[in-house]
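K.L.:
Below is a structure I'd like to ask you about.
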Amino acid sequence: MHATTLHLPAMFSQTPSAASSTTAPREDHLPAVDSHALLQGQKAVTIHHNGALYRLQATRLGKLILTK
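Residues in the sequence shown are numbered from 904 upward in steps of one, following the numbering used here.
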């Protein structure tokens with residue numbers, strides 16, 4: 904299997920400013936990533952997060968499963 908590293912835009916790694924951290928974010932203002940951009944034509948991808956590996960998998964019914 905061939906591994907590819909996907910680098911997301913900088914907006915996903917920025918920490919909120921002090922002013923915006925005092926109010927709860929509204930759902931319509933959250934950054935969004937299309938699942939096709941993550942899966943890149945594959946049925947599953949591995950996600951590295953805080954030193955742990957997770958598997959994101961698309962099902963035949965079009966749902967997503969995230970497992971550790």
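Ideal Cβ placement from N, Cα and C applies to all residues, glycine included.
From a predicted model like this one, the values you see are computed outputs, not experimental measurements.
Please report how far the alpha carbon of L956 lies from the alpha carbon of L964, in whole angstroms.
P.N.:
Answer to the nearest angstrom: the Cα atoms are 24 Å apart.
K.L.:
Counting only the same chain and skipping the five closest in sequence on each side, list residues whose C-beta sits under 8 Å from that of A947.
P.N.:
Contacts found: R958, L959, Q960 and A961.
K.L.:
Where do the N-terminal and C-terminal ends of the beta strand (DSSP E) with A961 fall, by residue?
P.N.:
Start and end: A955 to A961.
K.L.:
So who's on the other strand from L969, going by DSSP bridges?
P.N.:
The partner list for L969 (beta bridge, DSSP) reads L959.
K.L.:
Pick out whichever of Q945, D931 and K971 has its Cα sitting closest to the Cα of N953.
P.N.:
Out of Q945, D931 and K971, K971 has the C-alpha closest to the C-alpha of N953.
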